[in-house]
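Enquirer: Okay, handing you the structure first.
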Amino acid sequence: MMTVITDNLPVFVVIAPLFVAFILPTFARRLRLVEGLVIIANTLWIAGAAYLASIVLSQNGIPITYALGGWQAPWGIELKAGSLGALFILIIAGVSLMVSFFARNNLTEEVGSYERVARFYVLILLLGGALAGMAVTNDLFNVYVLVEIATLSCCGMVSARKHARAAEAAFTYLILATLGSILVMGGIGFIYIITGHLNMAFASQELGRVWQNSPHVVWMAFSFFLVGFGVKAAVFPLHVWLPDAHSTAPAPASAILSGLAVKGYLICLLKILYNVFGQTLMQQYAVQRILVIVGTLTIMAGSILALTQDELKRRLAFSTVAQVGYIFFGFSLINTKGLSGALFYLVSHAVIKSTLFLAAGAMISATGEGKISGLAGIGRKMPITVAAFTVASLGLIGIPLFSGFIGKWYLLLGSMEAGSVIPAVVIIAGSVLCAAYLLPVIRVAYFEPTPEVDVKDPGLSQKVALIVLAAAVVILGILPGPFMELANMAATELLVLK
Amino acid sequence: MPDLIFALLSGVVGSLIIAVIPQVRNRLRNFAVLFFCAAGTFFSWRVAIAVFAGESAEISGEIGGFPFVLSPDPLGAVFGLIASTLWLFAAVYSFGYMAGKNRQRSYFTFFLLALSATLGVAFSGNLIALYLFYELLTFATYPLVIHERSAEAMKAGKRYILYSLSGAGAILIAIVVTYSLTGNVDFSGEPILAGHRSSGLNFLLILFIIGFGVKAAIMPLHRWLPAAMVAPTPVSALLHAVAVVYSGAYGILRVVYSVFGQELMRTLSFRYIFSWVIAFTILAGVIIATRQDIMKLRLAYQTVSHLSYILLGAFTLQPWGLAGAVMHMISYSMLKITLFFCAGIISEHSGKTRVSSMGGIGRQFPETMAAFGVATLGMIGMLPLNTFWGKYYLMKGSVAAGMWPFALVLTGSGIINAVCFIPVVVNAFRGEKAHTNSGQKTGVALMLAPTLILVVIALFTGLWPGMVWPAVQAVVNWYF
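Protein chains in written order, with my numbering: chain C, 1 to 498; chain U, 1001 to 1480.
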């Protein structure tokens, strides 16, 4: 019995949200039922993810492989749930549980009718399933399919609000993201042409033998992947779609888009770079240098642009661009410390940014004001929301005791080991800029006189979600134990392949 | 060890309790503040006495996978003593100063939180703990800087936090470099970098000095300090003349003696550059001070100058120089806080903040201006004030280190200090009695008492410097 569960875990953590997504529209008219189902599905999902993580931890990171439909690799699609997958799925499941909890009783006014709410939940679950799939799949074409599912559901979420700006943002996003998908597809095609394999492990082996025969094709594949995933993960200068898309979406959608969706593409890129191409090829083609340059540019550009934003959600969206830069830069560090730092940073940012977006959403819907100056004195009226926002901000700035610090510390250690000093300075400069764009929000909320207006405090489930997420930021910062261990294992595993 | 925990917790617990006491319960709140400040002081004294007696207390653990050690050594104990004791005085002064003002609850909450952060800085036993509390101190004191909530205060707060966080960023990089070089961040035992020889360490030194130099207000990193003078006077007195700025100076002492160690420091050529930057700060700070008309700004620039006395002592790498630095830390803090207290009393009760308008003010506030006058002599470094001894050892250390020009710098600074403040005192007692609308009269006693007591203590320690000598000797013996 146990082995049945264990053996099927890799596929369970992908199928669970997808399955519920498919049956959800049947109950579309009964909102309570939909919400209940979503939360039950999410709880099951998170239980599966936690169990998977515990197994992977107890096996010292040896992955569980699963052949879909019984077709063994290299012919069939192989799922490989290792430490990277377990870590990421745990975070996806956790964050989306909290986001769904936050969305309870709250979405109708932002999205519209009950049916639209149900559809919105379908999209959240589809996205979750796709992201979980990206984390465990070991098949290149499967990556493409999942990327498409994720892209389309993101697009749906962006346009969930009946608003001209939302439609425009969704359209821009659709065009650029599809462009990204095509490039990813092209990259996969190139790999397939020269290796004849779609399974990552086999393709990588074959690539090691044949890459010298067609060096330009490899170069094309590299650049297609970098640009394709770069568009989707919104690295500078391909980030143009992100601020609009993430700031016009409803709060729960922004939280998931910024916190999770972007990370899925980054994980895909990481897997393709390290598991398919491998370090030798990365060094051969100076991909590292591209990652460093793009990463540091993204950190600076995102942070500076965030400073210039007046609207809270846009500011947070640009901050996401900057944080993607950190992770992107971390991918360039071919050492355990740097890579595990990047992965931990990814995890911590997923939690932090969803907290920030949810809190921002609550503040904005309470005051009806999207500008930062409109939040004056709100700290007294909605203490829990602003406190959660504060904790998450301190985490993002990288104050010790909060999760962001640990990620930054290992990124810094990794860059010292790689001998890159300037990126270390950029990391710190990014932190200071982060303080410069987030602390004013807190200052306005706490230290400016409260205007005499009615402010609607968020409901109980919103508060619970915010408290849990903010607590997670602190707990990850003080006791990162299993998460850091998983990140470490994942980094070691990625570096095994030469 | 329980003493250590109690000393650190008293501020945090106190601030949590004060945060829940309703805004209007002033007496209850003042009582709680006094109680927790006294507790912090009491336990810091116990810790310090144990440390000077050679006992070691250590709390070590892990936070977020990082080693986290609290273990006061003599230098930390001295800083903890200075900070916590003056906190008590500043608390009493604050009761008088804040009486009848708005936002007292927020003020005292962060006032106590900052006590814990400062003691944390003082008692930290490795770089990680030091960094943590150093950051915490920035955030705990920010609300005090912007207490007035005016546009000017907000601007000062922004500048303060950006300067401090940039400095902390430099420190973080430096810590990461140190850690990746040695795998060790502990202050106990040998200096962390002992045995490493590389000219690249010069750049590491720059990072550390820039980082801590922000709070220690080394020029050109000092600009936040005069701006922060918009804070209420007790905050300026305690934090911007003692606790916060000392945490920077203390950090530099730590870097020089615990991270690099004096032997390694001798091989680093950049220490000469820093010594001259410090000497420049000493002179430039006090020269700028003479040109300020607003009393608090004048005092602020003088702080910039005097903080560098301490750093100069650190950079002599001589036992006498270190003794002078520690001595100056102890004695200067008492007198500088007195000067600020006096300025606060005058501005509260006569509304006068400008030096040019203070003619004849001594007739109206005889005790205050007398205290001010005595403290002024101390700033110059005259007997029988305790600052004389600090300056004496600093000069001795400079000469012993072969850096005799710095002894001249110190003398020159003393003369300019005299030019800067003696006329203020003389004018205050000359001319006719100023008739001003003395606004509120509440809390004069509460403000005056700590001021006068501090002056008396300063006189006593000046006449019998042996009273503080055991502490100074403990620090010097620890490092030499």
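Backbone N, C-alpha and C define an ideal beta-carbon position, used for all residues, glycine too.
Counting only beta-carbon separations shorter than 8 Å, does residue 484/C have a partner in chain U?
Expert: Position 484 of the first sequence, counted from the first residue, corresponds to residue 484/C. At least one chain U Cβ lies under 8 Å of residue 484/C.
Enquirer: Excluding five sequence neighbours on each side, which residues of the same chain lie with their C-beta closer than 6 Å to the C-beta of residue 1119/U?
Expert: As a first step, residue 1119/U is located in the second sequence; it is residue number 119 there, counting from the start. Counting only Cβ-Cβ distances below 6 Å, and skipping sequence neighbours, we find 1007, 1008 and 1080.
Enquirer: Give the residues of chain U in contact with residue 406/C, contact being defined as C-beta atoms less than 7 Å apart.
Expert: Position 406 of the first sequence, counting from 1, holds the residue named residue 406/C. Near residue 406/C (Cβ distances below 7 Å), the residues of chain U are 1064 and 1065.
Enquirer: Would you decide whether residue 1470/U is buried or exposed? Buried here means 16 or more other CB atoms lie within 10 Å of its CB.
Expert: What you label residue 1470/U is simply residue 470 of the second sequence in a count that begins at 1. Counting Cβ neighbours within 10 Å, residue 1470/U comes out exposed, since fewer than 16 surround it.
Enquirer: Below 8 Å, how does it come out for the stretch 1193-1206 of chain U and the stretch 424-440 of chain C: are there three or more Cβ pairs, yes or no?
Expert: No contact exists between the stretch 1193-1206 of chain U and the stretch 424-440 of chain C.
Enquirer: Out of 1410/U, 1341/U and 1292/U, which has the shortest C-alpha to C-alpha gap to residue 1356/U?
Expert: As a first step, residue 1356/U must be located in the second sequence, where it is residue number 356. Nearest option by C-alpha distance: 1292/U.
Enquirer: Is it buried or exposed for residue 72/C, if we count other Cβ within 10 angstroms and need 16 for buried?
Expert: For the purposes of this step, residue 72/C is taken as residue 72 along the first sequence, with counting starting at 1. Label assigned to residue 72/C: exposed.
Enquirer: Do residue 324/C and residue 266/C have their beta-carbon atoms positioned less than 8 Å apart in this structure?
Expert: For the purposes of this step, residue 266/C is taken as the residue at position 266 of the first sequence. For the purposes of this step, residue 324/C is taken as the residue at position 324 of the first sequence. Yes, they are a contact pair.
Enquirer: Just to confirm my understanding: we take residue 1488/U, look at its own chain, exclude 5 residues before and 5 after, and list those with CB closer than 7 Å. What are they?
Expert: Here chain U covers residues 1001 to 1480 and nothing more, so residue 1488/U does not appear.
Enquirer: Can you check whether the C-beta of residue 416/C is within less than 8 Å of a C-beta belonging to chain U?
Expert: Walking along the first sequence from the start, residue 416/C turns up at place 416. Yes, contact with chain U.
Enquirer: Would you check whether the ligand PLP has a heavy atom nearer than 7 Å to the C-beta of residue 1372/U?
Expert: Within the structure as shown, the ligand PLP is missing, as the structure has no ligands at all.
Enquirer: When you compare only the Cα positions, how much space is there between residue 1282/U and residue 255/C?
Expert: Against the second sequence, residue 1282/U aligns to sequence position 282. Against the first sequence, residue 255/C aligns to sequence position 255. Roughly 52 Å between the two C-alpha positions.
Enquirer: When Cβ atoms are compared, which residues of the stretch 374-389 of chain C fall closer than 8 Å to chain U?
Expert: Listed by position along the chain: nothing, the set is empty.
Enquirer: Just the chain C side, please: which residues come within less than 7 Å of residue 1180/U by C-beta, in chain order?
Expert: Start at 1 with the first residue of the second sequence, and residue 1180/U comes out as number 180. Under the 7 Å cutoff, chain C gives 413, 416 and 417.
Enquirer: Strictly below 7 Å CB to CB, what residues from chain U border residue 61/C?
Expert: As a working note, residue 61/C is residue 61 in the first sequence. By Cβ distance, chain U contributes nothing, its closest Cβ being about 18 Å from residue 61/C, past 7 Å.
Enquirer: Give me whichever residues DSSP pairs with residue 310/C in a beta bridge.
Expert: In the first sequence, the residue the question calls residue 310/C occupies position 310. For residue 310/C, which the question treats as bridged, DSSP gives no partner whatsoever.
Enquirer: Given 8 Å as the limit, is there contact between the stretch 91-110 of chain C and the stretch 35-52 of chain C, that is, 3 or more CB pairs closer than that?
Expert: At 8 Å Cβ cutoff, the stretches touch.
Enquirer: Are any of the Cβ atoms in chain B nearer than 8 Å to that of residue 1149/U?
Expert: Looking at the structure shown, chain B is missing, and the protein chains on hand are C and U.
Enquirer: What is the DSSP secondary structure of residue 159/C, counted as helix, strand or coil?
Expert: In the first sequence, residue 159/C corresponds to position 159, counting from 1. Note: residue 159/C maps to coil in three-state DSSP.
Enquirer: Just grab the DSSP bridge partners of residue 139/C for me.
Expert: Counted from its first residue, the first sequence places residue 139/C at position 139. Residue 139/C is bridged to 199/C.
Enquirer: How would you call residue 62/C, buried or exposed, if buried means at least 16 neighbouring beta carbons within 10 angstroms?
Expert: Counting from 1 along the first sequence, the entry for residue 62/C is found at position 62. Its Cβ having fewer than 16 others within 10 Å, residue 62/C is exposed.
Enquirer: Straight-line CA distance for residue 202/C to residue 332/C?
Expert: The residue given as residue 202/C occupies position 202 in the first sequence. The residue given as residue 332/C occupies position 332 in the first sequence. The straight-line gap from Cα to Cα measures roughly 24 Å.
Enquirer: Kindly confirm or deny that the stretch 16-29 of chain C and the stretch 113-122 of chain C touch, where touching means at least three C-beta pairs closer than 8 Å.
Expert: The stretch 16-29 of chain C, when compared against the stretch 113-122 of chain C, does touch it at the 8 Å Cβ threshold.
Enquirer: For a quick check, are the C-beta atoms of residue 1395/U and residue 1385/U less than 8 Å apart?
Expert: Here the question's residue 1395/U lines up with position 395 in the second sequence. Here the question's residue 1385/U lines up with position 385 in the second sequence. No; because the gap between Cβ atoms is not below 8 Å, this pair is not in contact.
Enquirer: Mind listing, in chain order, the continuous alpha helix (DSSP H) runs of no fewer than 4 residues lying wholly within the stretch 1083-1161 of chain U?
Expert: For the stretch 1083-1161 of chain U, whole alpha helix (DSSP H) runs of length 4 or above, ordered along the chain, are 1104-1123 and 1127-1145.
Enquirer: Buried or exposed, going by whether 16 or more other CB atoms sit within 10 Å of the CB of residue 1155/U?
Expert: Residue 1155/U sits at position 155 when you count from the first residue of the second sequence. Counting Cβ neighbours within 10 Å, residue 1155/U comes out exposed, since fewer than 16 surround it.
Enquirer: Taking the beta carbon of residue 1302/U as the centre, do at least 16 other beta carbons fall within 10 Å, making it buried, or is it exposed?
Expert: The residue you call residue 1302/U lines up with position 302 of the second sequence. So residue 1302/U ends up on the buried side.
Enquirer: Report buried or exposed for residue 286/C, applying the criterion of at least 16 other Cβ atoms within 10 angstroms of its Cβ.
Expert: For this step, residue 286/C is matched to residue 286 along the first sequence. The residue in question, residue 286/C, is exposed, as its Cβ has fewer than 16 Cβ neighbours within 10 Å.
Enquirer: How many angstroms separate the CA atom of residue 1233/U from the CA atom of residue 1346/U?
Expert: Mapped onto the second sequence, residue 1233/U falls at position 233. Mapped onto the second sequence, residue 1346/U falls at position 346. The alpha-carbon atoms of residue 1233/U and residue 1346/U are separated by roughly 11 Å.
Enquirer: Tell me the DSSP secondary structure of residue 65/C in three-state form.
Expert: Stepping through the first sequence from its first residue, residue 65/C is reached at position 65. In this structure, residue 65/C counts as strand in the three-state DSSP scheme.
Enquirer: Are any of the Cβ atoms in chain U nearer than 8 Å to that of residue 447/C?
Expert: What you label residue 447/C is simply residue 447 of the first sequence in a count that begins at 1. True, the Cβ-Cβ gap to chain U drops below 8 Å.
Enquirer: For residue 11/C and residue 68/C, which I take to be in contact (beta-carbon distance under 8 Å), what is that distance rounded to the nearest angstrom?
Expert: In the first sequence, the residue the question calls residue 11/C occupies position 11. In the first sequence, the residue the question calls residue 68/C occupies position 68. With 8 Å as the limit, residue 11/C and residue 68/C qualify as a contact, their Cβ atoms being about 7 Å apart.
Enquirer: What are the boundary residues of the beta strand (DSSP E) that includes residue 1061/U?
Expert: Locating residue 1061/U in the second sequence gives position 61, where the first residue counts as 1. 1059-1063 is the extent of the beta strand (DSSP E) around residue 1061/U.
Enquirer: Is there at least one Cβ from chain C nearer than 8 Å to residue 1135/U's Cβ?
Expert: Position 135 of the second sequence, counted from the start, is the residue given in the question as residue 1135/U. Judged by the 8 Å Cβ criterion, residue 1135/U is in contact with chain C.
Enquirer: When DSSP labels each residue in this structure, what does residue 1066/U get in the three-state scheme?
Expert: Locating residue 1066/U in the second sequence gives position 66, where the first residue counts as 1. If DSSP states are grouped into helix, strand and coil, residue 1066/U belongs with the strands.
Enquirer: Spell out whether any CB of chain U is found under 8 Å from the CB atom of residue 499/C.
Expert: Chain C is shown from 1 up to 498; residue 499/C falls before or after that span and cannot be answered.
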